[in-house]
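J.:
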Amino acid sequence: MDSLFSLAHRLLTYGLDGSPIYVDEFTRLNREVYEQALELYGTRGKTVESEAELCLGLLAAFAATIYDNGHKQQYIQQVLDRSWEVLPKLPASLLKVQLLVYCYSEVYDEELASQAHDIIATWNKADLTLEQVDIIEELKSFEENQYPYEVIE
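For the sequence shown, the UniProt record's numbering begins at 1 and goes up steadily by one.
1. Taking only three categories from DSSP, how would you classify L128?
2. Using the three-state DSSP reduction, which class does G57 fall into: helix, strand or coil?
3. Is the CB-CB distance between L8 and A52 below 9 Å?
4. Would you decide whether L59 is buried or exposed? Buried here means 16 or more other CB atoms lie within 10 Å of its CB.
5. To the nearest angstrom, how far is the alpha carbon of V101 from that of A121?
6. Need the endpoints of the alpha helix (DSSP H) that T27 sits in, please.
As structure tokens, then:
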């Protein structure tokens with residue numbers, strides 16, 4: 001599950017560091033992420049945390065991939081439904097913020113962003129981990145650009 005999120009995150013950030021993007025690598029990574037997401041889609045986590053990690057990985061994977069077997073939006077909605085069940089059970093943590101942010105990126109419900117900001121406000125700014133910095137930046141990006149694939153005039 002963690003590897004799915006890591007792969008999806010790698011795909012989402014592919015080339016952002018200024019390195020060249022190779023079509024064969026991009027295609028291979030897309031296929032690998034999408035196939036792994038479909039494989040894990042029907043599974044459930046045994047604990048609240050493992051279910052949250054699974055939902056996070058699936059949301060990131062579906063957001064990152066260009067593939068769609070015609071049911072992708074249905075899969076996303078079902079993962080969101082599972083996320084609504086698990087979010088109230090999660091303690092305030094990096095995992096909860098990550099799941100809130102990825103859910104927010106799908107539905108743009110301000111309450112989700114607000115909950116993420118409330119948890120982030122409790123973090124010691126001097127001791128942020130790379131993962132914390134990344135999710136803060138992702139939340140900011142989603143909030144600033146709620147329509148990434150549309151031109152707004």
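No residue lacks a Cβ here, since even glycine has one placed at the ideal position from N, Cα and C. Please read all numbers here as calculations on a predicted model, not as lab measurements.
T.: In short, the structure shows the following:
1. Within the sequence shown, numbered from 1, the residue matching residue 128 stands at position 128. Reduced to three states, the DSSP call for L128 is coil.
2. Within the sequence shown, the letter at position 57 stands for residue 57. It is helical.
3. Walking along the sequence shown from the start, residue 8 turns up at place 8. Walking along the sequence shown from the start, residue 52 turns up at place 52. Reading off the sequence shown, one finds Ala at residue 8, where the question assumed Leu. Against a cut-off of 9 Å, the Cβ pair of A52 and A8 comes out as no contact.
4. Mapped onto the sequence shown, residue 59 falls at position 59. Around the C-beta of L59, 16 or more other C-beta atoms lie within 10 Å, and the residue is accordingly described as buried.
5. By one-based count along the sequence shown, residue 101 stands at place 101. By one-based count along the sequence shown, residue 121 stands at place 121. In this structure, the CA atom of V101 is about 15 Å from the CA atom of A121.
6. Here residue 27 corresponds to residue number 27 of the sequence shown, with the count starting at 1. Counting along the chain, the alpha helix (DSSP H) containing T27 begins and ends at 23-41.
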